[in-house]
Structure formats: structure tokens, C-alpha cells
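Q:
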Amino acid sequence: MKALVYNGVGKVALEERPLPTIQKPGDAVVKMVYSTICGSDLHIIKGDVPTVSPGRVLGHEGVGIVTSTGASVSNFAAGDLVLVGCITVCSTCAHCRRGMHSNCTGGGGWVLGHTVDGTQAQFVRIPHADNSLYRVPEAVGKKADDLKALVMVSDALPTGLECGAQNARLAPGSSVVIVGAGPVGLAALITAQLYSPGFVVVVDLDQERLDVARGMGAQYTAKPDQAKELVMRLTEGRGADAVMEVVGVPQTFELCQELVAPGGVLANVGVHGEKVDLHLETLWSRNISITTRLVDTVTTPMLLKLFAAKKLPAEKLITHGFSFADILNAYSTFRAASTTKALKVIIDFEQDVQGASGTGVRQNKL
Ligand SMILES: [Zn+2]
Ligand SMILES: [Zn+2]
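The opening residue of the sequence shown carries number 1 in UniProt numbering; numbering runs sequentially from there.
(1) Mind listing, in chain order, the continuous alpha helix (DSSP H) runs of no fewer than 4 residues lying wholly within the stretch 211 to 283?
(2) Which runs of the alpha helix (DSSP H) spanning at least 4 residues fall entirely within the stretch 119 to 175, listed in chain order?
(3) Where does residue 438 land, buried or exposed, given buried means 16+ other C-beta within 10 angstroms?
(4) Going by the C-beta, is Ser40 closer than 7 Å to any heavy atom of ligand 1?
(5) Quick check: what's the CA-CA separation for Val260 versus Thr115?
(6) Whose CB is closer than 7 Å to a heavy atom of ligand 2? List the residues in chain order.
(7) In chain order, what residues of the same chain lie with their CB nearer than 7 Å to the CB of Ala222, ignoring the 5 residues before and after it?
(8) What does the Cβ neighbour count give for residue 412, buried or exposed, with the cut at 16 atoms within 10 Å?
(9) Helix, strand or coil for Ser53? Go by DSSP, reduced to three states.
(10) Identify every run of the alpha helix (DSSP H) within the stretch 304 to 362, keeping only runs that are complete inside it and at least 4 residues long; order them along the chain.
(11) Rounded to a whole number of angstroms, what is the C-alpha to C-alpha distance between Ala240 and Leu170?
(12) For the alpha helix (DSSP H) containing Lys46, name the first residue and the last one.
(13) So for Leu81, helix, strand or coil by DSSP?
(14) Could you compute how far the alpha carbon of Gly26 sits from the alpha carbon of Ser132?
(15) With a 10 Å radius around its C-beta and 16 neighbouring C-beta atoms as the bar for buried, classify Pro197 as buried or exposed.
(16) Is the distance from the Cβ of Thr191 to the Cβ of Leu161 below 8 Å?
(17) Between Ser53, Arg214, Gln257, which has its C-alpha nearest Lys316's C-alpha?
(18) Roughly how many angstroms lie between the CA atoms of Ile126 and Asp206, to the nearest whole one?
(19) Figure out for me which residue from Cys256, Thr292, Gly270 has the closest Cα to the Cα of Thr282.
(20) Is Glu61 helix, strand or coil when you go by DSSP?
(21) DSSP on Gly113, reduced to helix/strand/coil?
(22) Does the beta-carbon distance from Ala336 to His320 come in below 8 Å?
(23) Between the Cα of Trp284 and those of Ser35, Val184, Gly263, spot the shortest distance and give me the residue it belongs to.
(24) Quick check on the DSSP output: the beta strand (DSSP E) that includes Ile290 runs from which residue to which?
(25) Rounded to whole angstroms, what is the Cα-Cα separation between Phe253 and Asp48?
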């Protein structure tokens with residue numbers, strides 16, 4: 001099979017690899033239908049994630065069809081159309097039992113495309129398949145555009161919801177600021193609206209991304225240097241109830257500290273590669289909470305129901321599509337987002353979903 005392989009800092013290539021096989025009783029092998037590229041894949045290629053060894057197949061998102069299962073897999077069988085969760089869940093370790101799947105110590109957590117081979121390949125082995133795959137709801141159907149949009153439920157949407165909207169403790173009427181309008185910031189914007197906030201301000205340097213945010217429901221947008229004035233004007237000088245940092249650099253984390261109201265929450269979503277200043281000299285007396293988290297995919301079943309009910313405009317996060325053979329171009333386009341205007345790019349393995357198995361692909365009834 002063909003796979004997109006990380007070969008050390010700055011180097012990726014499309015290579016021939018042996019087909020993955022069942023190694024443990026809980027494994028499943030999935031034939032990929034659609035995948036995508038994540039910002040963390042770019043971090044890996046830059047050398048920011050030293051836990052990824054050269055030779056690793058990248059990717060932790062996608063939709064596919066189960067082709068084989070280990071002896072202990074009971075929820076899935078060959079022919080099942082499935083969503084691959086970006087987090088692998090052993091379900092029995094102390095962290096998993098608290099719902100902190102990203103901290104799994106039983107062979108799960110963020111392992112796909114990190115410490116085991118991932119989803120940017122024609123086939124992928126999924127450890128702990130019973131807890132880490134999700135059958136595509138029957139109401140979603142098998143149309144290509146719907147299954148492409150569903151890929152956003154692997155990572156972008158649960159990250160926006162869990163690390164953003166939930167960790168920022170949104171409530172009806174909340175004043176909300178989202179700093180960073182990349183795919184995850186926009187996923188936070190989409191999921192924030194599930195809470196009926198009073199208003200959402202989206203902050204970014206890129207005017208086109210701000211325009212996209214308006215189209216996705218942001219009432220206000222601002223460049224970073226105008227954000228404080230706008231937020232203070234909208235909140236009679238108090239600041240915002242909920243501020244989400246979705247960039248991952250010191251300047252934006254510092255800006256968020258200036259925007260949060262007394263009693264408010266600063267939810268960090270961004271992946272930080274360097275230390276930032278924490279201004280306790282101004283924050284200590286103001287009842288501020290700062291929250292951090294890696295996505296746990298605990299909301300994936302809920303997001304699947306919302307998606308099936310057509311209440312998640314996930315397709316708005318997708319700007320480009322590429323065949324798998326053209327994945328290196330997909331990387332170039334995604335990396336040059338400021339000029340290509342890319343948000344999420346879909347990788348199409350050009351599989352026939354309708355004819356996936358003799359009896360048809362099995363899906364969930366809701
Ligand atoms: Zn990701
Ligand atoms: Zn675990």
C-alpha cells in the first residue's frame with residue numbers, strides 16, 4: 001500500500017509500505033476513504049514533536065471501512081463504515097476511567113500518526129478499536145460530501161468543543177472571544193454556538209479568515225491590535241466571560257489575559273512550543289480561571305448525533321480536496337494557508353463506499 005511517511009525534520013514522502021495486520025486482539029484494520037491534514041502534522045514535520053520517529057506514517061483523522069478485526073473486537077466487523085477518533089481509548093486505565101482519554105496510559109491517547117502509524121495511508125491499524133472507532137450513523141448516509149464533512153468530527157470539532165467551548169464554561173448569554181481563526185478556532189466558533197452565547201468576537205491577523213468567521217456566525221471580528229478596545233466597548237469595560245486562545249504563541253496568550261472579565265475563564269486551546277508570561281500581578285485578585293486540555297473525544301458521540309441531525313456546519317471548515325496520490329500538494333497548500341486560504345484539506349482515497357462489502361456497508365441506526 002501507499003503511505004505518507006515522515007522521514008525526519010522537513011522530510012515527508014509517499015512510500016510503499018506493507019499492509020498493516022492485526023497485532024493484538026483489540027485491533028482493527030481500516031481501509032481509508034477520506035483523511036485530512038492537521039496543524040500538528042506540520043508541527044511534526046518542523047521537528048516540534050520529537051516523540052515522532054522517522055519512518056512514521058502520519059495522520060490521525062478520517063473515515064474508512066473496517067476490513068478485519070482482532071478476536072476481542074465486538075463492536076465492529078468487516079464492512080463497517082467508521083469514523084476514526086483522533087484519540088485512542090483503552091477505556092481501562094485510571095485516566096480513561098475519568099474520561100481523560102488523551103492521557104491514556106494503556107496504549108492509547110494521541111498515538112495515531114504519532115507513536116503508531118496513522119491514517120494518511122491506504123490502510124491503518126487501529127488499536128483498541130472497540131473504543132476508538134465510531135460507526136457512521138445511518139442518517140449520515142454515504143454521500144461523498146457528507147462523509148468528507150464528517151472527517152471534521154475526528155479532531156477539529158471535538159477539540160473546538162472540549163478544549164474551547166466546554167473548557168471556557170460557556171453558558172447562554174456568555175460574551176465570548178476566540179483568538180485565532182484557523183480550523184480549530186473556527187471549530188470552536190461552530191461549537192460555541194451550541195451554547196447560545198450573547199455574542200462572539202473572533203480575533204485574527206488575516207482579514208479573509210475574519211470574513212469566514214462572520215459567515216460562520218461571529219457577530220464581531222477584530223485584528224489583534226483592535227481587539228481590546230472592541231471587547232471593552234462591547235462589555236462596558238468588564239471584559240469577556242470566556243476567552244479562548246487558539247493560536248499557541250506568547251503574544252496571543254498575553255492578549256487573552258487582557259480580554260478576560262473578572263470571574264471569567266481563559267481556555268487555552270493552542271499548542272504552545274515556548275513559555276509564555278502569566279500576568280498574575282493583574283490576574284490574582286480577579287477570580288480568573290485558566291484551563292488547559294488536549295482533546296479527549298468524550299464528546300464524539302454527541303457530535304455524531306448533531307452531525308446526523310444536520311446541526312453542525314462542518315463542511316464550512318473544508319476548503320480544498322486532493323486525491324491521496326497528490327497528498328504532497330495537499331501539504332503544500334495547507335502549509336501555505338496565508339496565500340492559499342486553506343482551512344481543512346480533504347484527502348480522497350477514491351474508494352467506492354457503496355460497494356464496500358458484499359452485503360453493503362453497515363451503519364448505525366440512531
Ligand atoms: Zn489533529
Ligand atoms: Zn486508557
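The C-beta atom is built at its ideal place from N, Cα and C for all residues, glycine as well.
Just so you know, these numbers come straight off a predicted model, no measurement behind them.
A: On the basis of the supplied data:
(1) 224 to 234, 250 to 259, 280 to 283
(2) 129 to 132, 144 to 150, 156 to 159
(3) No statement about residue 438 is possible, as the shown extent of the chain runs from 1 to 366 and does not include it.
(4) yes
(5) 37 Å
(6) Val89, Cys90, Ser91, Thr92, Cys93, His95, Cys96, His101, Cys104, Thr105, Gly106, Gly108
(7) Val201, Val203, Leu230
(8) Any answer about residue 412 is impossible in this case: the structure gives the chain only from 1 up to 366.
(9) coil
(10) 327 to 335, 337 to 340
(11) 11 Å
(12) 39 to 46
(13) strand
(14) 10 Å
(15) buried
(16) yes
(17) Arg214
(18) 37 Å
(19) Cys256
(20) coil
(21) coil
(22) no
(23) Gly263
(24) 289 to 292
(25) 19 Å
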